[in-house]
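Before any comments, here is the structure.
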Amino acid sequence: MKGYNFAYLDEQTKRMIRRALLKAVAIPGHQVPFGSREMPLPYGWGTGGIQVTASVLGSGDVLKVIDQGADDTTNAVSIRRFFARTAGVQTTTYTADATVIQTRHRIPEKTLRDDQIIVYQVPQPEPLFRLEPSRIETRRMHSLADYGLMHVKLYEDIARFGQISISYDYPVMVNHRYLMSPSPIPAFDNPKMHLMPALQLFGAGREKRIYAIPPWTEVQSLDFNDHPFRPIRAPHPCGLCGATDSYLDEVVIDDRGGRLFVCSDTDHCAERRAAGHVGSEGMKEAAE
Amino acid sequence: MAYVTVKGGEQAIDNAHAWLAEERRGDPAVPDVSLAQIEGQLGRAVDRAMGEGSLYDRELAALAVKQAQGDLIEAAFLLRAYRTTLPRFAHSLPIDTTAMLIKRRISAVFKDLPGGQVLGPTYDYTHRLLDFELADGADHVGARRGTADGAAMPRVPDILGHEGLIEPDGDGEAEPGDLTREPLAFPATRDVRLQALARGDEGFLLALGYSTQRGYGGTHPFAGEIRMGEVSVEIEPPELGFAIDIGDITVTECQMVNQFKGSKTTPPQFTRGYGLVFGFSERKAMAMALVDRAMRAEELGEEVTAPAQNVEFVLYHSDNIEATGFVEHLKLPHYVDFQSELQNVRRMQQEVARAMEPAGVGAIDVAPSPLNPLPQGEGESARQGVVSP
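Line order of the protein sequences matches chains A and B. Position one of the first sequence corresponds to residue 9 (this note's numbering), numbered consecutively onward. Position one of the second sequence corresponds to residue 52 (this note's numbering), numbered consecutively onward.
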C-alpha cells in the first residue's frame, strides 16, 4: 500500500515486537511488556493480534482471520482486509491452507500443524485481574508462582455452585509454571492448546503484553482431582452438518423459543457439508 | 425454509461506510465546511483533538474533527493512528515557558506581580447567555489593540522559589520517558505520569481533579499561575551543535501551588502540581495540575487513600483512546463466550432443580401430611407444594 511499509508497521517496530515474541517463546506463558503501537483500528478490537501478525507475516504467507470461529464476522472481515491491503498477502478461509491464523475467541476444530502459527487477540492478558486489579501485585504473584488466590476462587465456586463456574477464558497453567489467560475462548477449546504442534502467540495491544506457547508445550486447565476439568458444549448435533463434537453457535430462529445449533467454526462446517454430512436442517431442506 | 448462515459482512461494511460518508456531508444544499473554518472558528475543538491526539498540527486536527463529525475522541484517535506512522527526525529541547509570547497570564495568589495580570481571550466573566446575533451571522466587533510593554513575566513558582518557600523543580536533566514507545512500568516516574496526563482525557482528569477538591485526596491547591501563549520549539541537530527554532506552538500551562505541612523527610513548604496542554485548554491544564500533585502523595509521605492518588489507577484509565476502544469492543460479537455462559447457566439451573426434588420420589407418590398439605390441583403445583420449605 502506497505510503506504508509492508504489513503497516515499520521494520523497527516489527523488530521490537519480534524480540518480545522471542522472549515470550523462551518463557512460555509469561507476559512480556512491549511497546504496543497505536493502530488504525481501535484498542480492544484486535490491535495486539494485528501487531503480532504483522511482525510474523512474510509475503509468502497465507492468512486466515476468524472471529467467533467464523471468517465472515464483521471484525474478521475488517482485519483480513487490513492485511490484504497493507501486506498484499494471500488470504483464505480454509484452515488447512493457512500458514498464519489470527483468531478471536476460538481455536479451529481442525488440528493445527507444526508449520502453522495461531495468533490470539487478547483483551485482558492478566488471568488474575478479577481477583487482584493491581498489576503491580499480580506481577509479584506471577514471579513467585503464587496462584493460591485462583485456586481459592475455583474452590469457592465448587463450594457455592457444586462446580467451577468459569465457562470461557478458563485459566490454564503453562509448562507447569505460569498461570495464563487462554483469551476468551470457550473452555471447550482449552484442551486443544495442550501439546499443540503449532506455535501459539498472544497479543494484547491495549494492555501492551505479548505471551506465547511454543509447540508441544503442556497446557493444563486448572482443576482439582475430585473436580476434574470438563469442557462444555451444547448437547446437540450441528443443524447443518450433523457434527456432534464441534463447538456450536446458538441461533434464535423465532420468538417462540425456537433454536438452531450450528458449528461456530464455519470452515469446519462447510468442509463437512462438502464431504456429504447433513444435519437436521439439511434434511428438512431435502424434504421440502 | 431452511436456515442459511449469515454471509456478506464485507458488503455490509462497505454499505455502512458509504452511509456514514453521506451522513457526514449532511444536506448537500448546505455548503461544505472547510478546514480553515474549523481551524479558525472551532479552535477549542481543534486544540482538544491535538492534545489528546498528541500531535500538534492544527490543519490535520481540523481534518480529523471534520472526518469525525465533531466527535473529538474519534478525532484524537485519527490523529494518534496517523502520528504513530511518522518517522522521528529529532527530539526537541524543553520548551521555555518563561519566554512565552503571552496571550493570557493570571495568578490567583498575588494581586499584582511583574508583568501584571492579563486576561486574554477568555470565557471567564462572560455571561452565559445564548447570543442570537451570532446565530444571524452578525459581524464581530474587533478587539482593541495596544502595544505590549515588553515587561518580563516571571513565573509565579519561580518568584516563590527565590525565597525557598516552594520546593525546587526537578532538574530535568534526565532523558524523559516516552509512553508511545515503551510500555508503562511501575513505579512510574513523574515525566511519564505527566506525559500520560497531557494525553489523557479531559473529562477524566476534570472529574479526578474535582474529586480531590471534595475530600478524596485533598491537595490544598492555589492556582499559582496559568499562562497561555506561543512558545518556540527548538531542536539541536548533532551536525550543527547549536539549537535552531523550528516553529511556534500555543500551549497552556498551569502551576498549582499546594500547601504542605512537611513530613519526616521534607520541611514545610509549598509543593507543585503541574499541567501543560497543547493549545488553549485551561480546564484540562488545571485539572492535570491537581491530579499531578495528588499522584505525588506517596513521594511526599502522604497517606494514599483516594482514586486520584492511586498512580496505577489514574495512569491505566486516563487514556480515552484505550478506554473508548475497550468499552466499545463490547459491541463486537461475543456469541462464543455467551454461548458457553448459556450452557453453564442451563446446567447450573438443572442441577439446582435436581437438588430441589426429593430423591427418587415422584410428586404423585407423596402423601399429604399436616406439614406438607397437598394444595388443590395436580402436577406442577402439587409438586411444588411438596418441595417448598
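The beta carbon of each residue, even a glycine, is placed where N, CA and C say it ideally should be. As the structure is a prediction and not an experimental result, all values here were calculated from the model.
Tell me, to the nearest whole angstrom, how far the beta carbon of residue i is from that of residue j; I am working on the premise that it is less than 8 Å.
i	j	result
Gln129 of chain A	Met181 of chain A	Actually they are not in contact, since the Cβ atoms of Gln129 of chain A and Met181 of chain A sit about 22 Å apart, beyond 8 Å.
Asp343 of chain B	Leu230 of chain B	The Cβ separation is near 15 Å, so there is no contact.
Ala159 of chain B	Ala274 of chain B	4 Å
Asp79 of chain A	Lys72 of chain A	7 Å
Gln2 of chain B	Arg206 of chain B	Any property of residue 2 of chain B remains undetermined from this structure, which presents chain B solely from 52 to 440.
Gln59 of chain A	Pro133 of chain A	13 Å between Cβ atoms; not a contact.
Ala195 of chain A	Ser175 of chain A	6 Å
Gly32 of chain B	Met151 of chain B	Nothing can be reported for residue 32 of chain B, as the shown portion of chain B is limited to 52 through 440.
Gly268 of chain B	Ala359 of chain B	5 Å
Just verifying my parser: in three-state terms, what is the DSSP assignment at residue i?
i	result
Lys162 of chain B	coil
His202 of chain A	coil
Cys249 of chain A	coil
Ala274 of chain B	strand
Gln39 of chain A	coil
Ala63 of chain B	helix
Glu226 of chain B	coil
Asn309 of chain B	strand
Thr21 of chain A	helix
Val328 of chain B	strand
Pro194 of chain A	strand
Ile217 of chain B	strand
Tyr176 of chain A	strand
Met339 of chain B	helix
Thr55 of chain A	helix
Asp355 of chain B	One detail in the question is off: residue 355 of chain B reads as Val in this sequence, not Asp. Reduced to three states, the DSSP call for Val355 of chain B is coil.
Phe269 of chain A	strand
Phe183 of chain B	helix
Thr103 of chain A	helix
Thr173 of chain B	coil
Thr231 of chain B	coil
Ala189 of chain B	coil
Arg27 of chain A	helix
Going by DSSP, what residue range makes up the alpha helix (DSSP H) through residue i?
i	result
Thr111 of chain A	Looking at the DSSP string, Thr111 of chain A is not in any alpha helix (DSSP H); the run it does join, the beta strand (DSSP E), is Val108 to Arg112.
Tyr367 of chain B	Val362 to His368
Leu256 of chain A	Premise fails: Leu256 of chain A lies in the beta strand (DSSP E), Leu256 to Val260, not in any alpha helix (DSSP H).
Gly212 of chain B	Val207 to His213
Val85 of chain A	Thr82 to Thr94
Gly376 of chain B	Asn371 to Glu379
Arg281 of chain A	Thr274 to Ala282
Ala212 of chain A	Where Ala212 of chain A is concerned, there is no enclosing alpha helix (DSSP H), although the beta strand (DSSP E) it sits in stretches over Leu207 to Ala212.
Met399 of chain B	Tyr386 to Met407
Express the C-alpha separation of residue j and residue i in angstroms, rounding to a whole number.
i	j	result
Asn13 of chain A	Glu290 of chain B	28 Å
Glu279 of chain A	Thr101 of chain A	11 Å
Pro318 of chain B	Thr270 of chain B	16 Å
Thr35 of chain A	Pro243 of chain A	Before going further, note that residue 35 of chain A is Ile rather than Thr in the sequence given. Each residue's Cα considered, the two are about 38 Å apart.
Glu233 of chain B	Pro41 of chain A	9 Å
Met188 of chain A	Asn198 of chain A	11 Å
Ser283 of chain B	Gly330 of chain B	13 Å
Ala100 of chain B	Ala374 of chain B	16 Å
Leu383 of chain B	Gly54 of chain A	11 Å
Val243 of chain B	Val362 of chain B	11 Å
Glu408 of chain B	Gly170 of chain A	16 Å
Asp252 of chain B	Leu341 of chain B	14 Å
Ala63 of chain B	Leu29 of chain A	35 Å
Asp175 of chain B	Arg334 of chain B	11 Å
Gly56 of chain A	Phe210 of chain A	8 Å
Arg241 of chain B	Gly228 of chain B	9 Å
Asp257 of chain A	Asp234 of chain A	30 Å
Leu152 of chain A	Tyr186 of chain A	10 Å
Please list the terminal residues of the continuous beta strand (DSSP E) segment that includes residue i.
i	result
Asn299 of chain A	Any question about residue 299 of chain A goes unanswered here, given that chain A covers just 9 to 296.
Leu152 of chain B	Leu152 to Ile157
Met188 of chain A	Tyr186 to Met188
Val70 of chain A	Val70 to Asp75
Tyr219 of chain A	Arg217 to Ile221
Is there a Cβ from chain E that is less than 8 Å from the Cβ of residue i?
i	result
Gln124 of chain A	Of the protein chains in the structure, A and B, none is chain E.
For the segment 243-299 of chain B, which segments carrying the alpha helix (DSSP H) assignment without a break, of at least 4 residues, lie completely within its bounds, in sequence order?
253-264
**Report entry** Uninterrupted alpha helix (DSSP H) stretches inside the segment 106-163 of chain A (no shorter than 4 residues)
**Finding:** 143-151
Discussion item. To test your reading of the DSSP string, which unbroken alpha helix (DSSP H) runs of 4 or more residues are found completely within the segment 79-160 of chain B?
Written reply: 86-92, 94-104, 109-118 and 123-134
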